[in-house]
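Enquirer: Mind looking over this structure? Questions follow.
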Amino acid sequence: MPERKTRSWFETINPANGKVVRRFRAATRTDVEKSVEKARKAFEKWRELAPAKRAEFLERAAKMLRSQKDKLGRIITLEMGKTIKESVPEVTKCAWGLEYFAENGPRFLNPETLKTDATDSYVAFEPLGVIASIMPWNFPLWQCVRFAAPALMAGNAAVFKPSSVTPQSGLALQEVFDSTGIPPGTFNVVLGSSEVASYMIEANTAAVSFTGSVPAGRDVAEQASRQLKKSVLELGGSDPFIVLDDADLEAASTGAVAGRFINNGQSCICAKRFFVAKTVADEFL
Numbered sequence: 003m004p005e006r007k008t009r010s011w012f013e014t015i016n017p018a019n020g021k022v023v024r025r026f027r028a029a030t031r032t033d034v035e036k037s038v039e040k041a042r043k044a045f046e047k048w049r050e051l052a053p054a055k056r057a058e059f060l061e062r063a064a065k066m067l068r069s070q071k072d073k074l075g076r077i078i079t080l081e082m083g084k085t086i087k088e089s090v091p092e093v094t095k096c097a098w099g100l101e102y103f104a105e106n107g108p109r110f111l112n113p114e115t116l117k118t119d120a121t122d123s124y125v126a127f128e129p130l131g132v133i134a135s136i137m138p139w140n141f142p143l144w145q146c147v148r149f150a151a152p153a154l155m156a157g158n159a160a161v162f163k164p165s166s167v168t169p170q171s172g173l174a175l176q177e178v179f180d181s182t183g184i185p186p187g188t189f190n191v192v193l194g195s196s197e198v199a200s201y202m203i204e205a206n207t208a209a210v211s212f213t214g215s216v217p218a219g220r221d222v223a224e225q226a227s228r229q230l231k232k233s234v235l236e237l238g239g240s241d242p243f244i245v246l247d248d249a250d251l252e253a254a255s256t257g258a259v260a261g262r263f264i265n266n267g268q269s270c271i272c273a274k275r276f277f278v279a280k281t282v283a284d285e286f287l
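For what it's worth, my numbering labels the leading residue of the sequence shown as 3, then goes sequentially.
See the structure below:
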C-alpha cells in the first residue's frame, strides 16, 4: 500500500460543550513502522531482564498513577465525558492492575513441570515480541493497562493506539511509563484512526490485542490472520437484565439504573436488554 504524502489531522473534543480541546496529526505508515522498529530494539533488552526486575518498572508506574490520579482523571473526563467520580477511580484501578502483575507476574512466569512419559517435560513461557494494542475510548487508561501490564510483565514490548477520541489519555500514559526509566521504546503510542490500526497490524508486530465493536473486531482478526498473527479480541455485548417475580424490586430497580448508566452508559458490560416478569412489571417501572 503506497504511503500518503500528507498527514491527516484529527481533533479531540470536549463532549460537555462540543469545543475542540486540541488537534493532533495522525501517524503515517512510516511513523508506525519506525515506532514498531523502536519497540523491537527495546524488546531485545527488555526480554532479558528478570521478571522481578521488570516488575520494578510496573511498580514505579503504579506509584506515578496514584500520585497523578486527579490530573489524569481530569484528562479522561475532558476527553471522554465521564464524571470525575468515575474517572479518578479508573486511574487507581490502573495502578492496582500494574501492582497485581508486578506482584504475581514472576510466579506466573515460572516454568511448569509436567508428568509425561518423557524423561523431562516442562512448559516455559517466552515473550512473543512487539504487541500491537488497539483500544477504545470508554475506559481510555484501563483498557490499555489491562493489556499492557501482563504483556510487559511477560517481556513483550508494546505499540499502543488509543482511540482517536481520547489521544491525550494515551499520551499521558506514555509519559507515565517513560518516567519509570523503562528502556526507551518498550511502550510506544501512535495516534490516529482505523487506518493507523491497519498499519500496526501490517507492520512487524507479533500479535494484536483489540477491544471494540464486533464488526471492527472481525476486521482486526481478518487482517491479523492473513499474516498468521495471534489476536486477542474483547468485543461488545448485549447484556440482559432479568427481573423475576420473587425479586427485591427496590434493589432491582436501583441495580437496573446503575447497570445501564455506569460509565455514562458507555460500557460493553452495561445492562442493555431488560426482561421483567409481567406480574411485577408495573411495580418495577
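Using N, Cα and C, we set each Cβ at its ideal position, and we do this for glycine too.
According to the neighbour-count rule (16 or more other Cβ atoms, all chains shown, within 10 Å of its Cβ), is V260 buried or exposed?
Expert: On the sequence shown, position 258 is the one that residue 260 refers to. With the sequence shown as reference, residue 260 is identified as Ala, and Val is not the correct amino acid for it. Counting Cβ neighbours within 10 Å, A260 comes out exposed, since fewer than 16 surround it.
Enquirer: Mark Q145 as exposed unless 16 or more other C-beta atoms lie within 10 angstroms of its C-beta, in which case mark it buried.
Expert: Counting from 1 along the sequence shown, the entry for residue 145 is found at position 143. By the 10 Å Cβ count, Q145 comes out buried.
Enquirer: Write down the C-beta distance between S211 and V178 rounded to the nearest angstrom, noting that I regard them as a contact closer than 8 Å.
Expert: The residue you call residue 211 lines up with position 209 of the sequence shown. The residue you call residue 178 lines up with position 176 of the sequence shown. Contact flag wrong, Cβ pair sits at about 19 Å.
Enquirer: Check each candidate in G267, S255, Q268 and name the one with the smallest Cα separation from E285.
Expert: In the sequence shown, residue 285 corresponds to position 283, counting from 1. The shortest Cα separation from E285 among G267, S255, Q268 belongs to S255.
Enquirer: Apart from the five residues just before and just after K84, which ones in its own chain have a Cβ nearer than 7 Å to its Cβ?
Expert: Working through the sequence shown from its first residue, we reach residue 84 at position 82. If we look at K84 and ignore the five residues flanking it on each side, its Cβ neighbours are I78, N265, N266.
Enquirer: Going by the DSSP bridge assignment, what does F162 pair with across the sheet?
Expert: Within the sequence shown, residue 162 is the residue found at index 160, counting from 1. For F162, which the question treats as bridged, DSSP gives the partners S135, V191.
Enquirer: Less than 8 Å separating the beta-carbons of V216 and I203?
Expert: Here residue 216 refers to the residue found at position 214 when the sequence shown is read from its first residue. Here residue 203 refers to the residue found at position 201 when the sequence shown is read from its first residue. Result no, Cβ atoms of V216 and I203 do not sit closer than 8 Å.
Enquirer: What is the DSSP secondary structure of K274, reduced to helix, strand or coil?
Expert: As a first step, residue 274 must be located in the sequence shown, where it is residue number 272. In the structure shown, K274 sits in a strand (DSSP, three-state: E or B).
Enquirer: Candidates A283, E224, A273: which alpha carbon is nearest L246's?
Expert: Numbered from its first residue, the sequence shown carries residue 246 at position 244. Per the Cα distances, A283.
Enquirer: Quick one: give me the first and last residue of the alpha helix (DSSP H) that P32 is part of.
Expert: By 1-based counting over the sequence shown, the position of residue 32 is 30. Checking the displayed sequence, the identity of residue 32 turns out to be Thr instead of Pro. Looking at the DSSP string, the run of the alpha helix (DSSP H) that includes T32 is 31-48.
Enquirer: Considering only the alpha carbon of each residue, which of P108, A134, L116, G239 lies closest to E128?
Expert: Residue 128 sits at position 126 when you count from the first residue of the sequence shown. Residue P108 is the option with its Cα nearest to E128.
Enquirer: Could you pull out every residue in the same chain whose Cβ sits closer than 6 Å to the Cβ of N206, ignoring the five residues on either side in sequence?
Expert: Taking the first residue of the sequence shown as position 1, residue 206 is located at position 204. Correct list, in chain order: V38.
Enquirer: Between the alpha carbons of F276 and D241, how many angstroms are there, rounded?
Expert: Taking the first residue of the sequence shown as 1, we reach residue 276 at position 274. Taking the first residue of the sequence shown as 1, we reach residue 241 at position 239. Rounded to the nearest angstrom, the two C-alpha atoms are 9 Å apart.
Enquirer: Tell me where the beta strand (DSSP E) around F110 begins and ends.
Expert: By 1-based counting over the sequence shown, the position of residue 110 is 108. Careful: F110 lies outside any beta strand (DSSP E), inside the alpha helix (DSSP H) at 86-110.
Enquirer: Have a look at the DSSP bridge pairing and note the partners of S196.
Expert: Against the sequence shown, residue 196 aligns to sequence position 194. Paired residue(s): none; S196 is not in a bridge.
Enquirer: Among D72, P17, P152, which one has its Cα closest to the Cα of A174?
Expert: If you number the sequence shown from 1, residue 174 lands on position 172. Checking every option, the nearest Cα to that of A174 belongs to D72.
Enquirer: Can you tell which of Q268, F263, A52 has the C-alpha that lies nearest to the C-alpha of M155?
Expert: Reading the sequence shown from its first residue, position 153 is the one you call residue 155. Of Q268, F263, A52, the residue nearest in Cα terms is A52.
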